[in-house]
Amino acid sequence: MKRIIQMTVNGEPVELAIEPNRTLLQVLREDLELTGTKHGCGLGDCGACTVILDGAPVNSCLVLAVQANGREVLTIEGLEENGDLHPIQKAFVEKGAIQCGFCTSGMILSAKALLDHNPRPSEIDIRTAISGNLCRCTGYQKIVEAIQAASETMAGSGGDAR
Amino acid sequence: MQLPRFDLKRPSSFHEAVRLLVEYGNAAKISAGGTDLLPRMKYRIAAPATVISLKRIPVSEPFQDSEGNLHVHALVRLSDAASSNLVRTNAPALADAALAVGSEQIRNMGTLGGNVCLEPRCHYYNQSHAYQFMDPCFKRGGNLCYLVPKGNRCWALACSDTVPALIGLRAAAVVQSGDREYTIPVEELFTGDPVRPLCLGETDLITDIVVPAARPRTAVVFRKLSPRGGIDFATVNCAVMLKLSEDREACEDAIIAIGAVSGKPMRAGQAEKNLLGRKIAPDVIHEAAGRTASEIRPSMRCDCSISYLRKCIESLTQAALETAYQRASSGDGVKPD
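Those sequence lines, one after another, are chains Y and R.
Note that my numbering has the first sequence beginning at 21, numbered continuously upward.
Note that my numbering has the second sequence beginning at 25, numbered continuously upward.
Structure, rendered in structure tokens:
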């Protein structure tokens, strides 16, 4: 039986009728057409489907959509502001931290959750924060460099308002 | 991967959850964080008609009672358990173990109670069974083992990280059973049979974990070995408790608990006994680690050999004992009486 849920996705209130066996990932990609969140393993191993739920990164493939009722979801589409990329997105582009791009949205959201709580992370902090995101292309080094660069930019500009 | 269809119940208290368990019986499964159940449902190795989600039950913060015992709600997220100051100060081994589970995304969903009740895992069982038409293995209700040649029982492994730490801390679980509540030491929760791993009744639920007050000159240390630093389940994990005598030289009490190598966490009873009353020195620690490795009997598995596992157990136990001795002798992380 379908249930009505209300949640905030990227700052916009959304109301949907969904079956209990649908995951947040399916609802984001199929119903809301926010395909920036990727479907990787579907089992919580790869982190490609990472979204920020009430400030904490989670694997959206392991969250039932009905459990997001009344909660706030941030996906990769919600990072840009007035057409400008978020400093983490810019750093990923500038540092060449993107190759095939499949892990990128999850990686950036894990990085954002880290920098929101810890604006000046050490390399170990960064590597721990992205340990739930698998990348088969970059070897992680450029991703770590991009997050370090973003943390410097964001700390220099007084941090991200959101 | 699509989840099978199910009916979702969302009780707002443990009482209501137990009532639903009684009503739906075997057709229902409990989901706390969902990080263990949902992958199994996607693999079609669990197909409950009803899922009872505990997400609506209010979660209290960890607190200390008047006797100094630490109470941690079973539905506390692993990330909250790992970052709680109270847990970090009073039971650092539990915080370390909670931090060792999965990835940050998993810890933000997974709960302490869920990790204690983690379903034993095996390389054959934990894969998609959606299009497999072979006879089921022991764990899926059959009488075959596809992992161990001529295996006459299930060889799945209890991989929880928090359980060895809780055993080292001599923690107990508060269980809601119908209208009554009872307390059982975490160590006694496990049957050793991976098909039916918990001693709990069909309608029992763990509501709280109680860690006894820290004792003086005592340290509990958790260590985990896994192929990668994050995400993976443990190849071996280990928790060690060491209590020193008043002169801080001899061992007064010891626990060595090894997890992820068998159907339930194992205690190295003889190695513990051998430590009692002895002055702790590098050779004594080395001997205890060696005894632990020869005493624990790891189950057969396909990702590493038994001899490799024994070496892992030895080095992990040695490292944990050395740290525990340092902490207990220096008073670091130990609360006075």
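Yeah, the Cβ is synthetic: ideal placement off N, Cα and C, and Gly gets one too.
Quantities reported herein were computed from a predicted structural model and do not represent experimental measurements.
Secondary structure note for R/H147: it is in no beta strand (DSSP E), with a DSSP letter that is neither H nor E.
Listed along the chain, the chain R residues whose CB falls inside 8 angstroms of the CB of Y/D65 are I255. Membership of R/A348 in the alpha helix (DSSP H) is indicated by the continuous run I330 to S354. With 16 or more other CB atoms across the displayed protein chains lying within 10 angstroms of its CB, Y/C81 is buried. Shown here for R/L222: same chain residues with a beta carbon closer than 8 angstroms to its own, the five before and five after excluded, namely C141, L213, F214 and T215 in chain order.
Excluding residues up to 5 positions away in sequence, V260, V285 and P322 lie with their Cβ nearer than 7 angstroms to the Cβ of R/L333 in the same chain. By the rule that beta-carbons nearer than 8 angstroms mark a contact, R/I309 does not touch chain Y.
When the five nearest sequence neighbours on each side are left out, the beta carbons in the same chain lying within less than 7 angstroms of the beta carbon of R/G92 are those of A237, in order along the chain. Residue burial annotation: R/F38 is buried, with at least 16 other C-beta atoms found within 10 angstroms of its C-beta. Taken through DSSP and simplified to helix, strand or coil, R/S37 comes out as coil.
Per the C-alpha coordinates, the member of R/A344, R/C326, R/E346 and R/T341 positioned closest to R/G175 is R/C326. Per DSSP, the continuous beta strand (DSSP E) segment holding R/V235 begins and ends at D228 to V235. R/Y155 is classed as exposed because its beta carbon has fewer than 16 other beta carbons within 10 Å across all chains shown. Minimum Cα-Cα distance from R/L300 among the listed residues R/K267, R/M324 and R/D31 corresponds to R/K267.
Contact of Y/S142 with chain R by beta-carbon distance below 7 angstroms is absent, the smallest such distance being about 15 angstroms.
Put simply, the backbone Cα of Y/I167 is about 16 angstroms away from that of Y/L154.
Annotation: Cβ neighbours of Y/G62 in chain R (cutoff 7 angstroms, chain order): M25 and K66. Under a criterion of Cβ atoms nearer than 7 angstroms, no residue of chain Y is adjacent to R/P82; the nearest Cβ is some 15 angstroms distant.
When C-beta distances to chain Y are compared with 8 angstroms, the residues of the region 121-143 of chain R below that value are G126, S127, E128, Q129, I130, N132 and M133, in chain order. Y/A169 is positioned such that its CB atom lies no closer than 8 angstroms to that of Y/A149.
Within its own chain, the residues whose Cβ lies closer than 8 angstroms to the Cβ of Y/G152, once the five positions on either side in sequence are excluded, are G67, T70, P77, N79 and S130, listed in chain order.
Within the same chain, Cβ atoms closer than 8 angstroms to the Cβ of Y/D145 are found at L134 and N138, the five residues on either side in sequence being excluded.
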